[in-house]
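Participant:
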Amino acid sequence: MDDGNVQSPDDDAASRLLSMGERRRLALGRVRAERNRRLAATDWQALRAIEQGRLPEFLMGPEAARRQALRDLPARLAAEGALERLADCGALNRFEPTWP
Numbered sequence: 003m004d005d006g007n008v009q010s011p012d013d014d015a016a017s018r019l020l021s022m023g024e025r026r027r028l029a030l031g032r033v034r035a036e037r038n039r040r041l042a043a044t045d046w047q048a049l050r051a052i053e054q055g056r057l058p059e060f061l062m063g064p065e066a067a068r069r070q071a072l073r074d075l076p077a078r079l080a081a082e083g084a085l086e087r088l089a090d091c092g093a094l095n096r097f098e099p100t101w102p
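Here the sequence shown is numbered in the numbering used here, starting from 3 and rising by one per residue.
1) Can at least three beta-carbon pairs, one atom from the segment 51-61 and one from the segment 18-25, be found at a separation below 8 angstroms?
2) Within the continuous alpha helix (DSSP H) that includes residue 45, where are the two ends?
3) By the DSSP assignment, the alpha helix (DSSP H) with residue 69 in it spans what residues?
4) If you reduce the DSSP assignment to three classes, tell me which class residue 86 lands in.
5) Around the Cβ of residue 79, are there at least 16 other Cβ atoms within 10 angstroms (buried) or fewer (exposed)?
6) Considering just the uninterrupted stretch of the alpha helix (DSSP H) at residue 96, what are its terminal residues?
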């Protein structure tokens, strides 16, 4: 009987089965981790703008817009149903969003 659960390839024989919902949450967690890494890599730009008194200009520029798009990415993926459209484990494991 197919109960919607799939065996994780990283688990040993005694491991539990993961539902597709759990796999989607894990995939979204990977997206969030990469998003956080990308935001952290650009924090210096915002800090420099603050130090130089150019925060208003920075906030109107392309890098601030990119950082906002990164912050919005998980919610956008959820709203679009991007992960829900993926019906198998392989597709979830390979999922890579279009990064801003």
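We put the CB at the ideal spot given by N, CA and C, even for glycine. Everything numeric in this text was worked out from a predicted model, so none of it was measured.
Facilitator: Let's see:
1) no
2) Here the question's residue 45 lines up with position 43 in the sequence shown. Start and end: 22-53.
3) Your numbering for residue 69 matches position 67 in the sequence shown. Per DSSP, residue 69 is one residue of the alpha helix (DSSP H) stretching across 64-82.
4) On the sequence shown, residue 86 is found 84 positions in, with the first residue counted as 1. Coil at residue 86, not helix or strand.
5) Within the sequence shown, numbered from 1, the residue matching residue 79 stands at position 77. With 16 or more Cβ atoms within 10 Å of its Cβ, residue 79 is classed as buried.
6) In the sequence shown, counting from the first residue as 1, residue 96 sits at position 94. Its alpha helix (DSSP H) spans residues 91-96.
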